[in-house]
Structure formats: structure tokens, C-alpha cells
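Trainee:
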Amino acid sequence: MMKSILLVLALPFILISSAVSVSACWCRKEAITTEKEFRRAIAKEVAKSSVVFLGEIIEQKRSQIRIKVERVWKGKIGPEIILTTHNWSDGDVGSIDSCTYDFTAGRRYLIYAEKSRGELVTSQCSRTQPADKADRDIAELDRSRTKKQVTRGKL
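For what it's worth, the working numbering labels the leading residue of the sequence shown as 62, then goes sequentially.
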């Protein structure tokens, strides 16, 4: 009986200490089951984003992430851009935002970023993702751009 009580009391601590990562971030994402819903999701994400681009993470210093821009679908940006994050650490000092997207230096990403308080930011709640997993999004961004150019008579 005593072993059962101890196990019940210890179980939450065992589960928490063995977890690889824990995120309190909660994003409301609609289920996408058809091509029409997928296209609508991309259009909605582009509409709410200030910039949409493909780039490689060059470096991260504290809250600043420097990115080499490769392609742009929305916004006017130069060959490099700075994103602001609220996940950084300097030894004992740091800041954590559970919804901040966790980038890796040297990796390429498709980034949907918004302006917030004059800074460009993105989050796990956006469609930001590693470039090697973004083929479908990139194809839709290209398709919708071509469709707009044809509609405006530019092709």
C-alpha cells in the first residue's frame, strides 16, 4: 500500500523530469483536408504577414537573428534581414517566450514574419518552417504570385 502511494506521488515528478521539451505555446490552427483549404491557409498567412521570404540563418545574438535572404514573396527587404526573438540566454540571464520559433544557425527556412512594435517577429503559430519541409508552401506561393501577375497583365 505504501509503495503504491509513493509511486502515485512520484509519478508526476518522474514524467516532468524525463520530458525532452515542454512548451506552453498554444496555436489555433484549422484542419486542412483539401487543396482549397490549403490554398486558403497560405493566402490567409500571407495576408497577415508583413514579409514572406526564404533565407538562411547566419547568426543569433541575444534577441536578434540575422538572416541571409534568398527569395521574397511579400515585402521589400534587402539581402539580409533581422528578426527579433524573445528566446535567448547569456549564462544566468535570459528571456523565454514559449511561442517563439526556434531557429538553427546554418539552416534555411521559409519565414512568414509580422511587424510588432517596429520589429519583425515570427512564431510557432505561423507557417514558418524549415525550407526542406516547405516545398508545398513554396509551390503555392509561386503559383499565387504567377496568378496575380497574369491577372495584372505582367506575364
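Glycine included, every Cβ here is placed at the ideal spot set by N, Cα and C. Small disclaimer: the values here were computed from a predicted structure and weren't measured.
1. I need the straight-line Cα distance from residue 120 to residue 101, nearest angstrom please.
2. How about residue 181: is its Cβ closer than 7 angstroms to a heavy atom in the ligand ADP?
3. I need the DSSP call for residue 146, collapsed to helix, strand or coil.
4. CA-CA distance, residue 166 and residue 92?
5. When DSSP labels each residue in this structure, what does residue 89 get in the three-state scheme?
6. CA-CA distance, residue 173 and residue 106?
7. Does the distance from the CB of residue 117 to the CB of residue 188 come in under 8 angstroms?
8. By Cβ distance, which residues of its chain are closer than 8 angstroms to residue 206, with the 5 residues on each side in sequence left out?
9. What residue range does the beta strand (DSSP E) around residue 126 cover?
10. Please classify residue 143 as buried or exposed, where buried requires at least 16 neighbouring CB atoms within 10 angstroms.
11. Could you pull out every residue in the same chain whose Cβ sits closer than 8 angstroms to the Cβ of residue 99, ignoring the five residues on either side in sequence?
12. Helix or strand or just coil, what does DSSP make of residue 172?
13. Whole beta strand (DSSP E) runs in the segment 176-200 with 3 or more residues, listed along the chain?
Mentor: Working from what's here:
1. Between the C-alpha atoms of residue 120 and residue 101 there is a straight-line separation of about 33 angstroms.
2. The ligand ADP is not part of this structure, which contains no ligands at all.
3. DSSP, read as helix, strand or coil, puts residue 146 in coil.
4. Roughly 31 angstroms separates the two Cα atoms.
5. It is coil, neither helix nor strand.
6. Distance between the alpha carbons of residue 173 and residue 106: 7 angstroms.
7. No; because the gap between Cβ atoms is not below 8 angstroms, this pair is not in contact.
8. For residue 206, where only same-chain residues beyond five positions count, the Cβ hits under 8 angstroms are 134.
9. Element bounds for residue 126: 125-135.
10. Per the 10 Å Cβ criterion, exposed.
11. Excluding sequence neighbours, residue 99 sits near 93, 197 and 201.
12. Strand, per DSSP.
13. Listed in chain order, the complete beta strand (DSSP E) runs (minimum 3 residues) inside the segment 176-200 are 180-182.
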